[in-house]
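Trainee:
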Amino acid sequence: MAQTFAEKVLARKAGLDRVSPGQIVEIKPDVVLSHDNTAPIYGLFQRMGGEKVHDPDMHAVILDHATPAPSTKHAENHRIIRDFVREQGIRNFFDIGKGICHQLLVESGLALPGEVVLGSDSHTPHAGVMGAFAAGIGRTEMASIWAVGELWLRVPESLKITVTGQLGEGVTSKDLALAVIGDLKADGALYMSVEWHGEAVQELPLSQRATLTNLMAEMGAKNSYIPPDQKVFDYLKDRAQREYEAVYPDPDGAYAGEVEYDARDIEPMVACPHTVDNVKPLSEVRGVRIDQAFLGTCTNGRLDDLAAAAAVLKGRKIAEGSRMIVIPASEEVYLAALQAGYLETFLKAGAVVESPGCGPCMGNHMGVPAVGEVSISTANRNFQGRMGTKESEVYLASPVVVAASAVAGVIESPANL
Amino acid sequence: MSEIKGRVWKYGDNVNTDVIFPGKYTYTVSDPGEMPQYALEDLDPDFARGVKPGDIIVGGTNWGCGSSREQAVVCLSEAKLGAIIAKSFARIYYRNCLNNALPAIPCPEAVDAIQKDEQVSIDLEAGIITCQAGEFTFPPLPEAVMEIFNAGGLIPYTKNRLAEMK
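Those sequence lines, one after another, are chains A and B.
With the first letter of the first sequence counted as 1, position 291 gets the number 291 in our numbering; the numbers rise by one all the way through.
Take any residue in the second sequence, note its place counting from 1, add 417, and you have its number in our numbering.
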């Protein structure tokens, strides 16, 4: 019988011929991801009676959420994690400034086609850009995997999104993802495996595809997947840390839902306060005054995001009374942006460029808004209080719209500068 | 454990983990016992002050969406909340509830019927919610998951399993 991607991968990992949605399977993941929450997870692991982790090579530990440490308390948290990875012999450890966990899993060739990635972070579905089955889990279950090497998963129903045509000038995968979330809403893919198909998706570079899989967390998805093609295999050529075998869904698999989009119908979109599914066309939001523009995060902090924003900012200045923060998603991106001259463009425009990491995305540090302020950001979440105070508003948009808004001091399209 | 009885705190759809337990506390508040004082801080400041053991949260669709942060469950389980009844749950939140032995019950009909502040009782084993509007039934947990729940959560469950493996 024909199977979806999630069914095929989970059956293979569980050692079964086939599985059906709703079935509970016990599987050993190929990669487990934890970040600054590694220390509290270690505490839970010890409460379970754990001493040595089941398989140190399964771990990827990445410091990104509050790096470099903004307080002694955060620094203590980092210290515990450094001790932990040393004592446990964990090789895949990325200390401060190396980048955001989801970006690093991809760059370092740890997220591979056909593999299972479980992460104690809700945006773990990001890794589906490489054709992996990648899902977020909680801290206690992460501790349990460290102890016994396995976890139960419910086989998800699957949603198939097919995008035909090609995105127009100035329209990005961020706009496509926001349009879909606006249509299907925050619970539109609850518990589901979301597969992206169609020529518009295949046309996109990997960095733009990653924005799609990353944002499916905001639709309630368990994981999101893009069929790996030659672009993925070429990218992994000198990066993959293991042999891998790509998995593809059968064309006639049983999907719980199928939706189709024509990329030519997609226009620049903005998610308005305070939910990601409160999506409006840019044309309806233009003119909203902004205090801060933030370019970065796992959603849109990659080289071509920075390149597109730099093209908007070249020869221009951030508006009087507004400010802009730029945070490359990784050291690799930072270096490439430096060499390409993008960082110079940002600095000359009056932006602040900070070291790789999550930055102010979840309100920890490095540019949180004041009470009453309005931000426009390339991130994936705009919930009330997300950036530190519930008395502020966050709009989400593509890198070019964020850059144009920084220049205009109001939400604006680059075409109107 | 099988009989839960308490006052209802009723909320809407898509209540996310940032309003249940704000992100700014995720690396500064690490003692589970301290978490209840921040519960629902950005949604309902009265909750942390007024919640009593056994009380029941009733939410709409997609309760607990957003971040995977488990503190958004622990701040409620540590407050000895009796259960959460919702139209639907975000999946990581739902897993976190089961793993912390906090009953998470999807039951849209009951959510529509239950009024705020009323007294509700839940029989977990029988799968029955009793409120002023009547009785509502809900399906039991899958067997594999029930074992974790009955062990008192994933910490004791894994502890037992690890001891057996040794």
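From the three backbone atoms N, C-alpha and C, an ideal C-beta is built for every residue, glycine too.
Being a predicted model, the structure only gives us computed values, none of them experimental.
#1: In chain order, what residues of the same chain lie with their CB nearer than 7 Å to the CB of LEU571/B, ignoring the 5 residues before and after it?
#2: In whole angstroms, what is the alpha-carbon distance linking TYR191/A and LEU153/A?
#3: List, in chain order, every chain A residue whose beta-carbon is nearer than 8 Å to that of THR554/B.
#4: Hey, would you say PRO227/A sits closer than 8 Å to ALA309/A, going by beta carbons?
#5: Going straight from the alpha carbon of LEU313/A to that of LEU295/A, what length do you get?
#6: State the Cα-Cα distance for the pair ASN359/A and LYS8/A, rounded to the nearest angstrom.
#7: Please work out which residues of its chain come closer than 7 Å, Cβ to Cβ, to GLY343/A, disregarding the five sequence neighbours upstream and downstream, and give them in chain order.
#8: Going along the chain, which residues of its own chain have a beta-carbon closer than 8 Å to the beta-carbon of ALA240/A, five neighbours each way excluded?
#9: If the cut is a Cβ gap below 7 Å, which residues of chain B does PRO56/A touch?
#10: Can you tell me the Cα-Cα spacing of GLY388/A and GLY15/A, whole angstroms?
#11: Step through the CB atoms of chain A and report whether any lies within less than 8 Å of the CB of ALA482/B.
#12: Would you check if there are 3 or more beta carbon pairs closer than 8 Å linking the stretch 489-496 of chain B to the stretch 535-550 of chain B?
#13: In chain order, what residues of the stretch 287-312 of chain A put their CB closer than 8 Å to some CB of chain B?
#14: Starting from ASP529/B, find everything on chain A with Cβ-Cβ shorter than 7 Å and list it in chain order.
#15: Among the candidates GLY198/A, VAL25/A, LEU396/A and ALA134/A, whose CA atom is the shortest distance from the CA of THR299/A?
#16: Pull out every residue of the stretch 431-442 of chain B whose Cβ sits closer than 9 Å to any Cβ of chain A, in chain order.
#17: Apart from the five residues on each side of it in sequence, which residues of its chain come closer than 6 Å, Cβ to Cβ, to SER494/B?
#18: Give the single residue among VAL32/A, THR38/A and PRO29/A whose Cα lies nearest to the Cα of THR443/B.
#19: Identify which residue in PRO273/A, THR378/A and SER413/A has its Cα closest to the Cα of GLY385/A.
#20: Quick check: what's the CA-CA separation for ALA404/A versus MET563/B?
#21: Note down, one range per segment and in chain order, each beta strand (DSSP E) of at least 3 residues found wholly within the stretch 419-503 of chain B.
#22: Buried or exposed: MET1/A, going by 16 or more other Cβ atoms within 10 Å of its Cβ?
#23: Would you list, in sequence order, the uninterrupted beta strand (DSSP E) runs of no fewer than 3 residues that lie entirely inside the stretch 54-85 of chain A?
#24: Starting from TYR574/B, follow its DSSP beta bridges and name the residues at the other end.
#25: Along chain A, which residues have their Cβ under 8 Å away from the Cβ of MET582/B?
#26: Starting from the Cα of PRO449/B, find the closest Cα among GLY467/B, ALA527/B, ARG486/B and GLU420/B and give me that residue.
#27: Quick one, are the C-beta atoms of LEU206/A and VAL129/A less than 8 Å apart?
#28: Does PRO462/B have its Cβ less than 8 Å from a Cβ in chain A?
#29: Rounded to whole angstroms, what's the CA-CA distance from THR297/A to ILE545/B? Just pull it up for me.
#30: Does ALA580/B come out as helix, strand or coil in the three-state DSSP assignment?
#31: Below 8 Å, can you find three or more Cβ-Cβ pairs linking the stretch 247-258 of chain A to the stretch 362-377 of chain A?
#32: Can you list the residues of chain B that LEU190/A reaches, using a CB-CB cut of under 9 Å?
#33: Of the residues that make up the stretch 60-86 of chain A, which ones have a beta carbon closer than 8 Å to any beta carbon in chain B?
#34: Considering only their Cβ atoms, is the gap separating LYS427/B from ILE531/B smaller than 8 Å?
#35: Below 8 Å on the Cβ atoms is my guess for ASP277/A versus LYS174/A; work out the distance and round it to an integer in Å.
#36: HIS102/A by DSSP, collapsed to three states: which one?
Mentor: Taking the coordinates as given:
#1: ASN516 and ILE565
#2: 11 Å
#3: The contacting residues do not exist; THR554/B stays about 19 Å from chain A at best.
#4: no
#5: Rounded to whole angstroms, LEU313/A to LEU295/A spans 12 Å at the Cα level.
#6: One detail in the question is off: residue 359/A reads as Gly in this sequence, not Asn. Their backbone Cα atoms lie some 37 Å apart in a straight line.
#7: Contrary to the premise, residue 343/A reads as Leu rather than Gly in this sequence. Closer than 7 Å at the Cβ level, and outside the excluded window around LEU343/A, lie ALA337 and VAL353.
#8: Taken in chain order, the residues that qualify are GLY109 and LEU112.
#9: Chain B residues near PRO56/A: none, gap ~17 Å exceeds 7 Å.
#10: 45 Å
#11: The question names Ala, but residue 482/B is Cys in the sequence shown. True, the Cβ-Cβ gap to chain A drops below 8 Å.
#12: no
#13: none
#14: Near ASP529/B there are no residues of chain A at all, since even the closest Cβ is about 17 Å away, more than 7 Å.
#15: LEU396/A
#16: ASN431, ASN433, THR434, ASP435, VAL436, PRO439, GLY440 and LYS441
#17: ASN517 and LEU519
#18: THR38/A
#19: Comparing Cα positions, the closest option is PRO273/A.
#20: Cα to Cα, ALA404/A sits roughly 53 Å from MET563/B.
#21: 420-427, 473-476 and 500-503
#22: Answer is exposed; the Cβ neighbour count stays below 16.
#23: 59-62
#24: DSSP lists no partner for TYR574/B.
#25: Result: VAL148.
#26: The shortest Cα separation from PRO449/B among GLY467/B, ALA527/B, ARG486/B and GLU420/B belongs to ARG486/B.
#27: Contact annotation: LEU206/A and VAL129/A have beta-carbon atoms nearer than 8 Å.
#28: With a threshold of 8 Å between beta carbons, PRO462/B makes no contact with chain A.
#29: Approximately 44 Å, taken between the alpha carbons.
#30: DSSP places ALA580/B in the helix class (H, G or I) of the three-state scheme.
#31: Flag = no, the stretch 247-258 of chain A and the stretch 362-377 of chain A do not touch.
#32: THR478, ASN479, CYS482, SER505, PHE506, ALA507 and ARG508
#33: HIS65, ALA66, SER71, LYS73, HIS74 and ASN77
#34: yes
#35: Rounded to whole angstroms, the Cβ separation of ASP277/A and LYS174/A is 14 Å, and the two are not in contact under 8 Å.
#36: helix
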